[in-house]
Amino acid sequence: MQTSKRSRPCGNCRQRKRRCVVEPGQTICVLCRLYGTDGCTFDGPPPERPAKQQKTNSPNTSSEAAVPARVPEQRNTASDRPKPSEQSIRTVDVIEDYDTLQGPTLLKNNLGLQQHQFSRYNGLSGPWTPFHLDYCQFDGRDEYTFPSGSSIRRVSANTSFSLKKYSGTQVRSEEIGLLDQIERVVAPHGPRLVNLYFRIIHPSFPVLDKRVFLEKYERTHREFSPACLGGVYLLALDWWNWDPFLSAQERPNMNLLETYVRKGLHDVMSRPKLSALQGGMLLLQHRPFGDDTWALSAQLVATMQELGVHIDCDSWRIPAWEKSLRKRLAWSIYIVDKWMALIHGRPSHIVDELDWAVEPLTEDDFPETPDDEDQEEGSGEIEAGRLSFQMLISLSEIVNEILRAFYSARAMKSTRKVRNLLQIAKPIQIRLREWRRDLPTSLNLESAKARKKSPIGSLHLAYYAVEISLHKAIILGLQGSSCDPAIVSVCREAARERAVTSIEFVKGLTPEQIQSFWHFSSAMNLVYIGIFTALLYLTSQTIEETQSYKKHLEEYRWTLRVMSRAANFVDFAVRRLDMSLLHLDRLSIHDIVRNNHQNAVVENESRSQLAAHPTSTSSATAAAAAAAISVPNFMVDLDGWHPPPPSTDNNLSNMPIPTSTPDDAGFEHQRFMAILDAVEAESLWSDQHISPVDMGNAGRLDFYGRDWNDLDQSEVYPALDPSPS
Numbered sequence: 001m002q003t004s005k006r007s008r009p010c011g012n013c014r015q016r017k018r019r020c021v022v023e024p025g026q027t028i029c030v031l032c033r034l035y036g037t038d039g040c041t042f043d044g045p046p047p048e049r050p051a052k053q054q055k056t057n058s059p060n061t062s063s064e065a066a067v068p069a070r071v072p073e074q075r076n077t078a079s080d081r082p083k084p085s086e087q088s089i090r091t092v093d094v095i096e097d098y099d100t101l102q103g104p105t106l107l108k109n110n111l112g113l114q115q116h117q118f119s120r121y122n123g124l125s126g127p128w129t130p131f132h133l134d135y136c137q138f139d140g141r142d143e144y145t146f147p148s149g150s151s152i153r154r155v156s157a158n159t160s161f162s163l164k165k166y167s168g169t170q171v172r173s174e175e176i177g178l179l180d181q182i183e184r185v186v187a188p189h190g191p192r193l194v195n196l197y198f199r200i201i202h203p204s205f206p207v208l209d210k211r212v213f214l215e216k217y218e219r220t221h222r223e224f225s226p227a228c229l230g231g232v233y234l235l236a237l238d239w240w241n242w243d244p245f246l247s248a249q250e251r252p253n254m255n256l257l258e259t260y261v262r263k264g265l266h267d268v269m270s271r272p273k274l275s276a277l278q279g280g281m282l283l284l285q286h287r288p289f290g291d292d293t294w295a296l297s298a299q300l301v302a303t304m305q306e307l308g309v310h311i312d313c314d315s316w317r318i319p320a321w322e323k324s325l326r327k328r329l330a331w332s333i334y335i336v337d338k339w340m341a342l343i344h345g346r347p348s349h350i351v352d353e354l355d356w357a358v359e360p361l362t363e364d365d366f367p368e369t370p371d372d373e374d375q376e377e378g379s380g381e382i383e384a385g386r387l388s389f390q391m392l393i394s395l396s397e398i399v400n401e402i403l404r405a406f407y408s409a410r411a412m413k414s415t416r417k418v419r420n421l422l423q424i425a426k427p428i429q430i431r432l433r434e435w436r437r438d439l440p441t442s443l444n445l446e447s448a449k450a451r452k453k454s455p456i457g458s459l460h461l462a463y464y465a466v467e468i469s470l471h472k473a474i475i476l477g478l479q480g481s482s483c484d485p486a487i488v489s490v491c492r493e494a495a496r497e498r499a500v501t502s503i504e505f506v507k508g509l510t511p512e513q514i515q516s517f518w519h520f521s522s523a524m525n526l527v528y529i530g531i532f533t534a535l536l537y538l539t540s541q542t543i544e545e546t547q548s549y550k551k552h553l554e555e556y557r558w559t560l561r562v563m564s565r566a567a568n569f570v571d572f573a574v575r576r577l578d579m580s581l582l583h584l585d586r587l588s589i590h591d592i593v594r595n596n597h598q599n600a601v602v603e604n605e606s607r608s609q610l611a612a613h614p615t616s617t618s619s620a621t622a623a624a625a626a627a628a629i630s631v632p633n634f635m636v637d638l639d640g641w642h643p644p645p646p647s648t649d650n651n652l653s654n655m656p657i658p659t660s661t662p663d664d665a666g667f668e669h670q671r672f673m674a675i676l677d678a679v680e681a682e683s684l685w686s687d688q689h690i691s692p693v694d695m696g697n698a699g700r701l702d703f704y705g706r707d708w709n710d711l712d713q714s715e716v717y718p719a720l721d722p723s724p725s
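Note that the sequence shown covers residues 1 to 725 in the UniProt record's numbering.
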């Protein structure tokens, strides 16, 4: 009998020595669809058929996985397409313990992605210390098994995990059933969605290991946690129209799929695996601002700690790919924790100085290289994605500093003078300038490749949001405080420059940039810009200033409305901003200015009363209080220094402006930095015990970026002077 091409494995499957499976209604096999090929090829002579067909019993196949007859492809309409419960899917046996898997595999000896068990990190304050473990008889897999069947795995001298098996239980059976339900929702498009995910999303959002995922998916969809598999499908569905074949098909039921993902995530949190973290991250990226997202972000931090992802794993006896995956997952959750805290106005759950021991990511922690980049239009840029992810991590560390310094419960409880706020703001502002200075040229907006997707726009938007969060804290601190009007003016002008620059950035985004990958916080970052502009509008002191901010705010909201048709995250920003600013529509410009002037009068009266009736009997204190009316507030308490008579020459607004500023800083921002430098300089003068060595140990820089370690004693005081040398 002559062999027909339709009964032969295609060249792709034959080369990989895989079963060539063609699902009902398809003309292309599962493997070829997974790799995005146009069709199966049958080059070369057919393999010789054995004289007698041998029946094989493979551990990862069953009679249900027999190759179905190939039928011509039929494009279903909405009326005749099978319901999810009727879709045909692969149903093969699952490899429960990857250490027993025959043939080459990446999954042997892995700790966090086993099918038959889950793990929990044993901290040193718990019952299992290294001294207890020294007396356990560990086997070749570094495991010690108890009579109950649970076990302990030692991955380093001081690190161990408790393992608990659940293979063959009702819980595991229900988990496989939920996986089948998820697969039926997207069938027969699962392989195309997986290809879409790794082509567009993965380069900018590296929470999976591509090689591991594809190895497992090639065998069966049942080797994942429901939340992880469904999360990949959910995010890929957001880019459905970027696959020419899928765009002509009916889109699967996304709401049903999300319901399954949420159920799977809820169930798996009690059986922690790395895939639980992956599923949670995918769900947050898909829907970052639901009613439960804050609680979910906190749950991810707790699960991360339960899995030991928050500690250094470089010395552990686990596969190299798992070490890199753990580090990428750790930093991904770090980003989520800090940005969720910022945009929700709540405390961060990770205490960096105490509970964070993850090493910085290196290029080796990203398996894909630019050579692996998909050349199809609309694919993600691998190198830009890697660099953006690393720069977003360092930006998130600055967010952590701002949260602790200005928005923590303790910071908000304490009453601070404007001088103190500016002292705290200076090192953060310098670090932001250094971050911008160190941004690789390949991450400039104009460096993005044509017809490629990258998160460059998202990264720049995040930077503007961080700048605004810093200036917002200063503007809020100025309200109701007695401060030199010149300082207020400079701080407000610097804030205005940041608001206007941010608005112009958003207005300058191109349609191609808007259609690229945007991180989960991008929608609220857009809202942040509008809210900050509204804050400046509501605290304006003149009619002209109020009119200017009102115009900027109206233009910004119009820009977002126009863009909202092109991207869901912008549509969310429009609706959230409308809700937040609805009450401003009834306010007139004159009402705002009149109210702010009344507040200023009250503040001036309070200052005059303080000067006329000092509460302290000390004449020095009384003189200082009286002088405070005419000189900057921070000059009052300088030890051993007496304010000169009121004069315009001593007002900070007349200080010369240093010229050594970064290219991206405008004139008003230069004046703002000069104010910060002057505040810090006079603060240092008041300390009789400080030395250049102390300053160097503290990592203090002068305005020009010079380290105190590079200055000798004779240069210290000139360095404190904010005026040009």
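Backbone N, C-alpha and C define an ideal beta-carbon position, used for all residues, glycine too.
Predicted, not measured: the structure shown is a model, and the values here were computed from it.
| Check | Outcome |
| --- | --- |
| What's the gap between the Cα of C313 and the Cα of D364? | 15 Å |
| If you drop the 5 nearest sequence neighbours on each side, which residues of the same chain put their C-beta closer than 8 Å to that of P361? | Residue identity differs from the one stated: residue 361 is Leu in this sequence, not Pro. Excluding sequence neighbours, L361 sits near K327, R328, W331, F389, Q390, I393. |
| How is K216 classed by DSSP in three states: helix, strand or coil? | helix |
| Quick check on the DSSP output: the beta strand (DSSP E) that includes residue 739 runs from which residue to which? | Coverage of the chain is limited to positions 1 through 725, which leaves residue 739 absent and any answer about it impossible. |
| Among T129, L354, Q170, which residue has its Cα nearest to the Cα of I152? | T129 |
| Looking only at its own chain, which residues have a Cβ that is under 6 Å from the Cβ of R199, when we skip the five neighbours before and after it? | D374, S379 |
| Considering only their Cβ atoms, is the gap separating F532 from H471 smaller than 9 Å? | yes |
| State yes or no: is the C-beta of I333 within less than 9 Å of the C-beta of L300? | yes |
| Whole angstroms are fine: how far does the CA of R496 sit from the CA of R251? | 45 Å |
| Starting from R172, follow its DSSP beta bridges and name the residues at the other end. | None, per the DSSP bridge assignment. |
| Taking only runs of the alpha helix (DSSP H) that begin and end inside the segment 108-188, which ones reach a length of at least 4 residues, in chain order? | 130-133, 170-186 |
| Nearest CA to the CA of A534: which residue from H286, V92, I592, R154? | I592 |
| Which residue from K323, L443, R576, M304 puts its Cα closest to that of L560? | R576 |
| How big is the Cα-Cα spacing for D139 and L461? | 52 Å |
| So what's K417 in DSSP terms, helix, strand or just coil? | coil |
| Going by DSSP, what residues sit across from K453 in a beta bridge? | G380 |
| What are the boundary residues of the alpha helix (DSSP H) that P226 is part of? | 226-237 |
| Take K216 and list the residues in its own chain whose beta-carbon comes closer than 7 Å to its own, dropping the five residues that flank it on each side. | E223, F224 |
| Output needed for L246: all residues of its chain with C-beta closer than 7 Å, excluding positions within five of it in sequence on either side, in chain order. | H189, R192, W240 |
| Excluding the five sequence neighbours on either side, which residues of its own chain have a C-beta within less than 7 Å of the C-beta of Q479, listed in chain order? | T539 |
| Taking all protein chains shown into account, do 16 or more other C-beta atoms lie within 10 angstroms of the C-beta of I543, making it buried, or fewer, making it exposed? | exposed |
| Determine the direct distance from the alpha carbon of G345 to that of D134, and round the result to whole angstroms. | 46 Å |
| If the criterion is Cβ atoms closer than 9 Å, does the pair T297 and I402 meet it? | Note on identity: in this sequence residue 297 is Ser, with Thr being the wrong assignment. Not in contact: S297 and I402 (Cβ atoms no closer than 9 Å). |
| Give the range of the alpha helix (DSSP H) segment to which N568 is assigned. | 568-581 |
| Mapping the DSSP letters down to three states, classify G508 as helix, strand or coil. | coil |
| From this set, N525, A227, A248, which residue's C-alpha is nearest Y260's C-alpha? | A227 |
| Which residue marks the beginning of the alpha helix (DSSP H) containing Q515, and which one marks its end? | Looking at the DSSP string, Q515 is not in any alpha helix (DSSP H), and its letter there is neither H nor E. |
| Does P72 come out as helix, strand or coil in the three-state DSSP assignment? | In this predicted model, P72 has a pLDDT of only 34, less than 50, meaning its place in the structure is not dependable; the value taken from the coordinates is given anyway. In the structure shown, P72 sits in coil (DSSP, three-state: anything other than H, G, I, E or B). |
| With contact counted as at least three CB pairs below 8 Å, one residue from each stretch, are the segment 278-287 and the segment 116-126 in contact? | no |
| Out of S408, I398, R416, state which residue places its alpha-carbon closest to the alpha-carbon of R433. | I398 |
| Within the continuous alpha helix (DSSP H) that includes F245, where are the two ends? | Segment: none, F245 is in no alpha helix (DSSP H) and carries neither H nor E. |
| Candidates P319, T169, T303, C40: which alpha carbon is nearest D337's? | T303 |
| Got a sec, what are the start and stop residues for the alpha helix (DSSP H) I89 sits in? | Looking at the DSSP string, I89 is not in any alpha helix (DSSP H), and its letter there is neither H nor E. |
| Whole-angstrom Cβ separation of S516 and P455, contact assumed at under 8 Å? | 7 Å |
| Leaving out five residues before and five after L234 in sequence, what residues of the same chain have Cβ atoms less than 8 Å from its Cβ? | M254, L257, E258, V261, L282, L283, H286 |
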